[in-house]
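In my numbering, the protein residues as written are 2 to 226.
Think of the CB as a built atom: it goes at the ideal place given N, C-alpha and C, for glycine as much as any other residue.
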């Protein structure tokens, strides 16, 4: 059952937090301010550190401990998900909930964009980027103006259900002939165990490794080239 169907209000310490009484439309089952008066939902808040860590981790060049390539669109969106979700669960304020929900739409749009612009021309990539950005912005505005969390869930679900078919298509369209896989392993000494060499690695990793050469314009910015 979605969190919009259950509102766990009336906790014993709900009004004792430094942020004031909870005003968010959604309230999860964790008891409010049970650990500290500075964090409304302690576990839900701290668990978002994983998103922040992974966003920063993915921004480093593999194999080089100190190499930093900066935040791309997806790692930036993931970082924002961690920060805004932590802010929301720590305060349980309505505007914090909006920031959390909008960051979810942002990261879904960024992932969908990366998948759709893969191996497209610059012109097509720009059109796809503009289309996805327009849809995400429109959905965000409608949701914030209405305050109806069901609209947010509908928009987010729609983006997710566009992501997985494209991911599967790219994974299966990049399968290589066994003879070609064998040649690639032999030509990359010391890399024979790298799953990316046989073209069957997870789609997002495969796309991430190849996207810069295929669509250089799509690597800059959050949603716009």
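Practice task
Grab the span of the alpha helix (DSSP H) containing residue 1 for me, first residue to last.
Solution key: The first residue shown for the chain is 2 and the last is 226, placing residue 1 beyond what the model contains.
Exercise for the section: State yes or no: is the C-beta of residue 102 within less than 9 Å of the C-beta of residue 88? Expected result: Start at 1 with the first residue of the chain shown, and residue 102 comes out as number 101. Start at 1 with the first residue of the chain shown, and residue 88 comes out as number 87. Cβ distance not < 9 Å, so residue 102 and residue 88 don't count as in contact.
Handout entry: alpha helix (DSSP H) segment containing residue 156, residue limits
Key = Looking up residue 156 in the chain shown gives position 155. Boundaries of the alpha helix (DSSP H) harbouring residue 156: 150-174, taken from the DSSP string.
Exercise for the section: Decide if residue 162 is buried, meaning its Cβ has at least 16 other Cβ atoms within 10 Å, or exposed. Expected result: In the chain shown, residue 162 corresponds to position 161, counting from 1. Result: exposed.
Handout entry: Other residues of its chain near residue 17: CB distance less than 7 Å, five sequence neighbours each side excluded
Key = Indexing the chain shown from 1 puts residue 17 at position 16. Here the set comprises 34 and 38.
Problem - Given residue 159 as reference, the closest of 77, 120 and 107 once Cα atoms are compared - result: Counting from 1 along the chain shown, the entry for residue 159 is found at position 158. Nearest C-alpha to residue 159 among 77, 120 and 107: 107.
Practice task
Take residue 14 and list the residues in its own chain whose beta-carbon comes closer than 7 Å to its own, dropping the five residues that flank it on each side.
Solution key: As a first step, residue 14 is located in the chain shown; it is residue number 13 there, counting from the start. If we look at residue 14 and ignore the five residues flanking it on each side, its Cβ neighbours are 33, 34 and 35.
Practice task
Mind checking which residues open and close the alpha helix (DSSP H) that includes residue 93?
Solution key: What you label residue 93 is simply residue 92 of the chain shown in a count that begins at 1. Per DSSP, residue 93 lies in no alpha helix (DSSP H) segment and is marked neither H nor E.
Exercise for the section: Determine the direct distance from the alpha carbon of residue 12 to that of residue 131, and round the result to whole angstroms. Expected result: Your numbering for residue 131 matches position 130 in the chain shown. Your numbering for residue 12 matches position 11 in the chain shown. Straight-line Cα distance between these residues: approximately 45 Å.
Handout entry: Exposure label - residue 170; buried when at least 16 CB within 10 Å
Key = Counting from 1 along the chain shown, the entry for residue 170 is found at position 169. Counting Cβ neighbours within 10 Å, residue 170 comes out exposed, since fewer than 16 surround it.
Practice task
Please list, in chain order, all residues of the same chain as residue 143 whose beta carbon is under 7 Å from its beta carbon, the five residues on each side excluded.
Solution key: For the purposes of this step, residue 143 is taken as residue 142 along the chain shown, with counting starting at 1. Result list for residue 143: 152, in chain order.
Practice task
Return yes when the Cβ of residue 121 is within less than 9 Å of the Cβ of residue 1, no when it is not.
Solution key: Residue 1 is absent from the model: the chain starts at 2 and stops at 226.
Practice task
Tell me whether residue 174 is buried or exposed, calling it buried when 16 or more other Cβ atoms sit within 10 Å of its Cβ.
Solution key: On the chain shown, position 173 is the one that residue 174 refers to. With fewer than 16 Cβ atoms within 10 Å of its Cβ, residue 174 is classed as exposed.
Handout entry: residue 79 versus 52, 23, 164 and 113, residue with shortest Cα-Cα distance
Key = For the purposes of this step, residue 79 is taken as the residue at position 78 of the chain shown. Residue 52 is the option with its Cα nearest to residue 79.
Exercise for the section: Tell me whether residue 148 is buried or exposed, calling it buried when 16 or more other Cβ atoms sit within 10 Å of its Cβ. Expected result: The residue given as residue 148 occupies position 147 in the chain shown. With fewer than 16 other beta carbons inside 10 angstroms of its own, residue 148 counts as exposed.
Exercise for the section: Select from 75, 47, 84 and 98 the residue whose C-alpha is nearest the C-alpha of residue 28. Expected result: For the purposes of this step, residue 28 is identified with residue 27 of the chain shown, where counting begins at 1. Here the closest residue by C-alpha is 98.
Practice task
Between the Cα of residue 86 and those of 20, 104 and 19, spot the shortest distance and give me the residue it belongs to.
Solution key: Walking along the chain shown from the start, residue 86 turns up at place 85. Residue 104 is the option with its Cα nearest to residue 86.
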